[in-house]
Ligand SMILES: [Zn+2]
Ligand SMILES: [Zn+2]
Ligand SMILES: [Zn+2]
Ligand SMILES: [Zn+2]
């Protein structure tokens, strides 16, 4: 019986299901992958998702590694496109709690002295959902953390998640913005993304942030009244925790952001 091709599908990184042809370890269609050491040695070179522990598979079209569980994406190639590399110039996120360990450093036994935590960088995103020939669709906007490893230079892109009709992140109900990085930004080619050239450039990020904040503002004064007055300095987002009702607390802030 012929062996299974050790190649992978260019479009999504799934293992090829065809048989290898002749003496080759690859099928006819994946013969071109023979020279690609990233594919040939993929099995010796495994990385795991820092969120759910799923295996990150090499995805040729995006020259990236993808988590099949959550659609998170790891970029750890030597030459990262300057249009992506410029993310390091963007504001760092304030929230230190959610820093994740770098998947690249973790898999490299030579440098796994402890766990290298990635720096969180705030990146604005926008996506049109449900547009068609006669309908314009709905624009969802948000901000997400992109992890950057100061040691090895890897980037980790979290999956975007689920949003309700007000653009607020929800856990189970609501619109799922699926494969934003993989099917959206990477596939559409980041230069043409939403007609914005270079979405990660500082001025475009600034513009997207203004549009997101305008939307939040128009959504209501109600939120401003119920929730803590603390504004995250990096993202410009108001704290989502209710104001404290404890009589020793400042009634304008939550328990976490009480003024000193
Ligand atoms: Zn194949
Ligand atoms: Zn994952
Ligand atoms: Zn690293
Ligand atoms: Zn607060």
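Numbering (the working numbering), first residue to last: 5 to 264. The beta carbon of each residue, even a glycine, is placed where N, CA and C say it ideally should be. Since this is a predicted model, take the numbers as computed values, not measurements.
- Query: Starting from residue 142 and walking both ways along the beta strand (DSSP E), at which residues does that stretch end?
  - Reply: 142-152
- Query: Thinking C-beta only, is residue 74 closer than 9 Å to residue 107?
  - Reply: no
- Item | Under 7 Å, CB to nearest heavy atom of ligand 6: contacting residues | Absence of ligand 6 from the depicted structure is noted, with ligand 1, ligand 2, ligand 3 and ligand 4 being the only ligands included.
- Task: Determine the DSSP secondary structure at residue 160, reduced to helix, strand or coil.
- Result: strand
- Task: Express the C-alpha separation of residue 247 and residue 259 in angstroms, rounding to a whole number.
- Result: If you draw a straight line from the Cα of residue 259 to the Cα of residue 247, it comes to about 7 Å.
- At least 3 beta-carbon pairs within less than 8 Å: the stretch 37-45 vs the stretch 123-131: Counting Cβ pairs under 8 Å, fewer than three are found: no touch.
- Check whether the stretch 57-71 touches the stretch 199-213, counting contact only when three or more Cβ pairs, one atom from each stretch, lie closer than 8 Å. These segments do not touch.
- Item | Neighbourhood of residue 2 by C-beta, 8 Å cutoff - its chain only, sequence neighbours within 5 removed | Not covered by the structure: residue 2. The range shown for the chain is 5 to 264.
- For residue 90, the three-state DSSP class (helix, strand or coil): helix
- Proximity to residue 214 [Cα-Cα], best of 130, 137, 26 and 140: 130
- Query: Can you give the beta carbon distance from residue 216 to residue 103, rounded, assuming they're within the 8 Å contact cut?
  - Reply: That pair is no contact at about 23 Å.
- Determine the contact status of residue 265 and residue 241, defining contact as a CB-CB distance below 9 Å. Residue 265 lies beyond the stretch modelled for the chain, which goes from 5 to 264, so this question has no answer here.
- Item | Terminal residues of the alpha helix (DSSP H) in which residue 108 lies | Residue 108: member of the alpha helix (DSSP H) spanning 107-111, first to last residue.
- Grouping DSSP H, G and I as helix and E and B as strand, with all else coil, what is residue 231? Correct three-state label for residue 231: strand.
- What is the DSSP secondary structure of residue 193, counted as helix, strand or coil? Below a pLDDT of 50, predicted positions are generally treated as unreliable, and residue 193, at 46, falls in that range; the measurement from the model is reported next regardless. Coil, per DSSP.
- Query: Which whole-angstrom value is the C-beta distance of residue 109 and residue 143, which I expect to be below 8 Å?
  - Reply: With 8 Å as the limit, residue 109 and residue 143 do not qualify as a contact, their Cβ atoms being about 36 Å apart.
- Three-state class that DSSP yields for residue 18 in the structure shown: coil
- Query: Taking DSSP as the reference, what is the three-state secondary structure of residue 138?
  - Reply: coil
- residue 237 classed as buried or exposed, judged by whether at least 16 other C-beta atoms fall within 10 angstroms: exposed
- Under the DSSP definition of a beta bridge, which residues are partnered with residue 52? Bridge partners of residue 52: 59.
- Message: In this structure, how does DSSP classify residue 199 when only helix, strand and coil are distinguished?
- Response: Reliability fails at residue 199, whose pLDDT of 41 lies under 50, so the model's placement of it is uncertain and no value is given.
- Query: Residue range of the beta strand (DSSP E) that residue 132 falls in?
  - Reply: 123-133
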